[in-house]
Amino acid sequence: MVEYRKILPSDNKELAEIITSIMKEFKEDPKGTIVEDPTLHTMYENYTKGNGVYFVAIENGNILGGSGINQLDGTKENVCELQRMFLTPEARGKGIGQKLMDMCIQSAKDLGYEKIYLETLDNMSEARKLYLKSGFKFIDRPLGNTGHCGCNTWMERTL
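For what it's worth, my numbering labels the leading residue of the sequence shown as 405, then goes sequentially.
Right under this line is the structure:
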């Protein structure tokens with residue numbers, strides 16, 4: 405049975421490994437993506453300060469993936485960014501991503517955000533389907549200052 409909880413300090417290493425592996429699956433050159441982000445290895449610390457949260461899906465003690473929200477840097481708007489939504493290959497297509505998405509959307513509402521923004525890659529087609537199903541719409545330019553210039557698809561959802 406899949407369980408969901410907030411990130412713990414002990415999750416940092418495994419999540420960084422999962423995210424790096426998945427990025428290599430979808431993008432040969434990870435330049436300008438989360439793989440180069442210095443906060444990849446300090447996710448617990450990043451999501452437990454300020455106005456963010458990160459959720460982890462676990463089954464039999466193994467992390468299957470996770471997703472979080474945090475204030476979108478570089479904007480004065482009341483917008484959070486959906487960040488680091490990644491699932492291991494064996495976790496995909498089982499409703500785990502939708503559950504994580506629902507938790508993030510509800511948390512964004514609870515934290516008082518007005519919109520959620522995300523960046524992704526155009527070849528992450530299953531993720532894009534989930535985003536569209538969850539009410540996200542494509543926009544024609546990036547928002548804020550995420551530092552992820554390697555992403556080529558931008559979306560947002562009003563809460």
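Cβ atoms here follow ideal geometry from the backbone N, Cα and C, with glycine treated the same way.
Between the CA atoms of residue j and residue i - distance to the nearest angstrom
i, j, result
"Phe-540", "Gly-465", "32 Å"
"Thr-443", "Tyr-458", "13 Å"
"Asp-477", "Arg-532", "22 Å"
"Tyr-408", "Val-460", "6 Å"
"Gly-497", "Gly-516", "30 Å"
"Thr-479", "Ile-462", "33 Å"
"Thr-550", "Met-405", "34 Å"
"Met-427", "Ala-420", "11 Å"
"Asn-527", "Ser-414", "31 Å"
"Val-439", "Leu-504", "21 Å"
"Glu-429", "Asn-450", "25 Å"
"Asp-506", "Gly-499", "11 Å"
"Lys-410", "Asp-441", "21 Å"
Spatial neighbours of residue i in its chain, beta-carbon cut-off 7 Å, leaving aside the 5 residues before and after
i, result
"Leu-579", "Outside the shown range of the chain (405 to 563) lies residue 579, about which nothing can therefore be said."
"Leu-522", "Glu-485, Leu-486, Tyr-535, Phe-540 and Met-559"
"Gln-475", "Gly-454, Asn-455, Gly-456 and Cys-484"
"Ile-473", "Gly-456, Val-457, Cys-484, Glu-485, Leu-486, Gln-487, Cys-508, Ser-511, Ala-512 and Ile-520"
"Asn-556", "Leu-525 and Asp-526"
Proximity winner among the options, relative to residue i (alpha-carbon distances)
i, options, result
"Leu-525", "Lys-537, Ile-509 and Phe-542", "Phe-542"
"Glu-494", "Asp-506, Tyr-517 and Gly-469", "Gly-469"
"Gly-501", "Ser-425, Asn-482 and Lys-537", "Lys-537"
"Glu-518", "Gly-499, Glu-481 and Asn-450", "Glu-481"
Cβ neighbours of residue i in the same chain (closer than 6 Å, five flanking residues each side left out)
i, result
"Ser-529", "none"
"Glu-418", "Ile-467"
"Arg-561", "Ile-520, Gly-539 and Phe-540"
Those residues which DSSP pairs with residue i across a bridge
i, result
"Ile-520", "Cys-484 and Arg-561"
"Ala-461", "Tyr-408 and Gly-469"
"Asn-450", "Partner(s): none; Asn-450 has no beta bridge."
"Phe-430", "Its beta-bridge partners do not exist; DSSP assigns none."
"Lys-541", "Glu-560"
"Leu-504", "DSSP lists no partner for Leu-504."
For residue j and residue i, believed in contact at Cβ under 8 Å, the rounded distance
i, j, result
"Thr-492", "Ile-422", "6 Å"
"Ser-471", "Met-489", "4 Å"
"Asn-416", "Thr-446", "6 Å"
"Leu-547", "Lys-513", "So it is not a contact: roughly 19 Å between Cβ atoms."
Other residues of its chain near residue i: CB distance less than 8 Å, five sequence neighbours each side excluded
i, result
"Asp-544", "Trp-558"
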